[in-house]
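First the structure, in the form of structure tokens, and then the observations on it.
In my numbering, the protein residues as written are 34 to 263.
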């Protein structure tokens with residue numbers, strides 16, 4: 034069993050059609066926002082079916098402490114997530130132990146292929162690496178680039194170093210091994226390193242920018258998915 038949590042608390046304040054509740058409960062009671070709950074003076078309503086479904090950016094930031102930002106961003110608050118593995122007969126590590134190594138969601142498929150002794154379909158594309166060696170007690174190479182791109186968030190990591198940005202804002206550079214909260218921007222101290230990271234991200238983005246065609250999505254015609262994303 035491989036379990037990944039979601040990618041950070043959401044800053045959204047949902048409303049209108051398309052969400053699980055269009056502003057109320059099924060029997061017609063209005064969903065109460067935080068201030069309305071406070072005015073009622075009943076803390077028991079917090080988290081009840083009448084409470085509002087969104088917590089907004091301030092609470093999302095608090096929930097993600099000490100990580101920066103939230104869901105949809107490529108800062109640690111939006112992309113850092115634990116992987117929990119349950120495999121009593123296969124794991125070679127101490128039960129309940131922690132492994133401080135960095136993987137990516139693109140590694141899941143290669144891991145399953147190796148553990149199941151399955152050869153991927155010829156022509157399938159994947160930038161991921163198998164984590165089977167890590168599950169067996171080994172180490173994962175720490176010299177590859179890992180890329181993130183979701184909505185207006187972008188990021189790239191290699192070893193302890195990570196570059197992140199939001200929208201058209203400048204790229205920032207962090208040593209996340211010592212600064213997981215991404216509070217100290219080292220871009221001016223290491224400009225050449227940052228430029229290498231940005232160049233690598235731009236090259237990767239150009240490679241995966243091609244959209245799948247309708248033909249590629251029809252049953253029987255699938256030959257793989259370009260790896261990457263958040």
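We treat Cβ as the ideally placed atom computed from N, Cα and C, and that holds for glycine.
Check, Outcome
"Test item: CB-CB of residue 186 and residue 107 under 8 Å", "yes"
"Secondary structure of residue 191, DSSP reduced to three states", "strand"
"7 Å CB neighbourhood of residue 35 in its chain, flanking five on each side removed", "116, 118, 141"
"C-beta contact flag for residue 134 and residue 173 at 8 Å", "yes"
"Three-state secondary structure assigned by DSSP to residue 130", "coil"
"Limits of the beta strand (DSSP E) - the one that residue 180 falls within", "179 to 183"
"As assigned by DSSP and simplified to three states, the class of residue 205", "strand"
"Candidates 99, 121, 241, of which the one nearest residue 113 by Cα", "99"
"Of the listed residues 93, 166, 195, 170, nearest to residue 177 (C-alpha basis)", "195"
"Simplified DSSP assignment, three categories, for residue 118", "strand"
"Within 8 Å, strictly: CB atoms of residue 130 and residue 144", "no"
"Under 8 Å between C-beta atoms of residue 206 and residue 223", "yes"
"Nearest-angstrom Cα separation, counted from residue 226 out to residue 189", "12 Å"
"Separation of residue 60 from residue 215, as counted between CA atoms", "45 Å"
"C-alpha gap between residue 147 and residue 82, whole angstroms", "44 Å"
"Beta carbon of residue 170 nearer than 8 Å to that of residue 126", "yes"
"Proximity of residue 211 and residue 179 at Cβ, strictly below 8 Å", "no"
"Where residue 199 falls: helix, strand or coil (DSSP)", "strand"
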